[in-house]
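Residue numbers for the sequence shown, in the UniProt record's numbering: 1 to 350.
Backbone N, C-alpha and C fix where the C-beta goes; we use that ideal spot for every residue, glycine too.
Shown next, in C-alpha cells, is the structure this report addresses.
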Amino acid sequence: MLSDLNEVSSDPPIVENMNPSFNNADSFANIDDVPLDVLMRSILISRAKTGATIQDLRSDYYEHTGEKFPFEENIVDSLLNIPGVICYKDHNGTFIFNLSRTSPKSQHILNMVRNQKPSYKSMQNRGSGIFFKSPRNGGDNQCFFRDNYDYLNKWSRPQEYTENGSAHLYIYQLLGDDFFLFMAKMELNCQFTLGHRILQSGLCVSGQTIASAAERVRTFRNLSKYIIVNIGSVDILHGRDLMDMKHDFLELMKAFRLRNIFPIVTTLAPLANNYHRPCLKQNLEHFNEFLRHNWQALDLWSIMVNRNGQTLYECYQSEARYVTGSNQPHVMWNKIGRQRILKFIKSQLL
C-alpha cells in the first residue's frame, strides 16, 4: 500500500495516395513504389467490415506482394505505429486490427465496405451468433467527438462489464485516458469493453477529460476502494483553461470522497509532441505543481525526463497517432515508456 495513504485526500491525417481498391490485383502493379504504411492501410480498408487478424494481414500481404510479412517481432506495436491503425481483442482474445479514420477522399469507400453484408464464411469464422447483455457501467463518456471511430457488426453490441477484465493493477483500479488505457491493454492484458464507439476499459477511456472522469466516478457501479489516477492530458491537449482544470480535479476528488474511495494521484508525463507550444508546456507544469502541492502524488513526470528536465523521447512512439476519443494527435508511450511507468508505480505501492 502507498505509504501514508490516509493523507491522500481527431482531424485525421490525409493519405493522398491510398488506394482502397485492394481486391484488384492491378492496384499495386508497381508494388515497390507503395509505402508500407499505405499498403497496410489499404489491406485494412478491404477488411473494414469485420477487421483483420494478424493471420489475415500476413496472407493478404503475401498475396499482393509475394513477400514475407514485414513485421516478425512486436507485431502489435509495429502495426499500431502506422497512423490510423487501431487494435482490440475479440471475445476469444484474438487481436483485431482496423482503421480508426481515413482521409475525406477515402472515407466514403470505407463506409461502403462497412455497410456491405458480411459473407457467410466470415460470419462463421468470427462467431457472429454471440450476443452480449446490456452494459451496467453507467453512462457513456460525455466528451465524445462526432468523428469518433464506430465499431462494427457484433463488436458494437454492448457487453456486460466484468471487473476482472477492466483496467487494473493488483487491487487498484486505473483511471485515466489513452496513456493508462493502452498501458493496461498492452502490459497488463486488460480488456477493452465491447459495445462502445470509444475505446475504454473500466475507468480508462480514450479522450477522457477530468470533468468526464468525475462524472464516471459518480455513476460507475463497480469501484475499488483504491484507484490510481492519471488524468488531465486531454484537457491540456485541447487547450483547456488551467483554473477550469483545477476546479474539475477538485470535483473529481469530491466524487471520490463521497464514495469512500482513496485516490492515488499521479502527475502527468510530458506530452512529447506539444513541447513546441509554450502555453501547453506551461499549463502541464503548473497543473503538475498543483497536484504535487495538494496530494501525495506519484511523480510520473520526473521519470520521463532527464536530469535537465528534457523529455526522454526514447520512451515514446516515433509518431503521433489519432485516438478514438479525441481529435488531437497523441504521441503514446512505447513499450519502454509503459514498462518504465509501470515499474515506478509498482515500486511506490508499498
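Rounded to whole angstroms, what's the CA-CA distance from residue i to residue j? Just pull it up for me.
i           : j           : result
residue 57  : residue 93  : 17 Å
residue 134 : residue 84  : Confidence is the limiting factor: at residue 134 the pLDDT is only 31, short of 50, which leaves the residue's position unreliable, though a coordinate-based value still follows. If I take the Cα positions, the gap works out to 29 Å.
residue 48  : residue 100 : 10 Å
residue 256 : residue 219 : 11 Å
residue 229 : residue 62  : 44 Å
residue 231 : residue 343 : 19 Å
residue 76  : residue 96  : 10 Å
residue 4   : residue 267 : Per-residue confidence for residue 4 stands at a pLDDT of 43, beneath the threshold of 50, marking its modelled position as unreliable; the derived number appears in the next sentence. When rounded, the distance between both Cα atoms is 18 Å.
residue 353 : residue 66  : With the chain represented from 1 up to 350, any question about residue 353 goes unanswered, as that position is not in the structure.
residue 182 : residue 45  : 23 Å
residue 322 : residue 328 : 7 Å
residue 217 : residue 226 : 12 Å
residue 201 : residue 70  : 30 Å
By the 10 Å Cβ neighbour count, where 16 or more other Cβ atoms means buried, how is residue i classified, buried or exposed?
i           : result
residue 309 : exposed
residue 50  : buried
residue 243 : exposed
residue 288 : buried
residue 148 : Because residue 148 carries a pLDDT of 34, less than 50, the predicted location of this residue cannot be relied on, and the following value inherits that uncertainty. When all chains shown are included, residue 148 counts as buried.
residue 241 : exposed
residue 347 : exposed
residue 172 : buried
residue 24  : Model confidence at residue 24 stands at a pLDDT of 39, short of 50, so the residue's coordinates are unreliable and nothing is read from them.
Using the DSSP secondary-structure output, state which residues sit across from residue i in a beta bridge.
i           : result
residue 85  : 99
residue 52  : 97
residue 321 : 330
residue 76  : Bridge partners of residue 76: none, in fact.
residue 168 : 173
residue 262 : 226
residue 348 : Answer is none; residue 348 lacks a bridge partner.
residue 204 : 176 and 201
message: Would the segment 317-324 count as touching the segment 291-305 if we require 3 or more Cβ pairs under 8 Å?
response: no
4-residue-minimum alpha helix (DSSP H) runs that sit fully inside the segment 266-316, ordered along the chain: 278-294 and 300-303
query: Can at least three beta-carbon pairs, one atom from the segment 331-348 and one from the segment 176-188, be found at a separation below 8 Å?
result: yes
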